[in-house]
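Below: one structure, written as structure tokens.
In UniProt numbering, the protein residues as written are 1 to 153.
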């Protein structure tokens, strides 16, 4: 019993998988919600951008994307850390697609026309956890800014 407790505390035992083996997409949605909430101002523009990203990634209808976002909002609110989301993504999604996840996070961060330090910090953390270098993250950020018609930072 003591060994079980130590194993769980030290992180060697796998915890329950809240996503199911096949659904890294829900982890992506939860990360998008997390970055939108990072600045403590989660607005309609960010929700709309999340829905748009989810619809484009999986060919969802607007209603299905909103349902997926609502599910991700609940999951994100319950999760104490970001690692559980990034681990799910890193284990199941190729590097090129993970770069797309990072681009989507930047899109959501810029959706409210402000770029906050909390959002930057979270995206930098996620970038590292997904195996994306700071340099590549900066390039992705710049590409997103150009695509969104934002002035370079």
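All C-beta atoms, glycine included, are put in the ideal place defined by N, C-alpha and C.
Keep in mind the model is a prediction, meaning the values are calculated, not measured.
Within the same chain, and ignoring the five residues on either side of residue 150 in sequence, the residues whose Cβ sits closer than 7 Å to its Cβ are 110. In this structure, residue 65 lies near residue 55, with their beta-carbon atoms less than 9 Å apart. The beta carbon of residue 89 sits closer than 8 Å to those of 24, 27, 28, 31, 98, 101, 130, all from its chain and outside the five residues before and after it, given in chain order. A Cβ-Cβ contact shorter than 9 Å links residue 40 with residue 118.
In the three-state reduction of the DSSP assignment, residue 137 falls in the helix class. Ranked by Cα distance from residue 82, the first of 122, 143, 146, 62 is 122. Given a length threshold of 4 residues, each whole run of the alpha helix (DSSP H) inside the segment 67 to 120 is given here in chain order: 83 to 92, 95 to 110. Residue 147 has its alpha-carbon roughly 30 Å from the corresponding atom of residue 77. Relative to the Cα of residue 74, the nearest Cα in the group 137, 34, 144, 125 belongs to 34.
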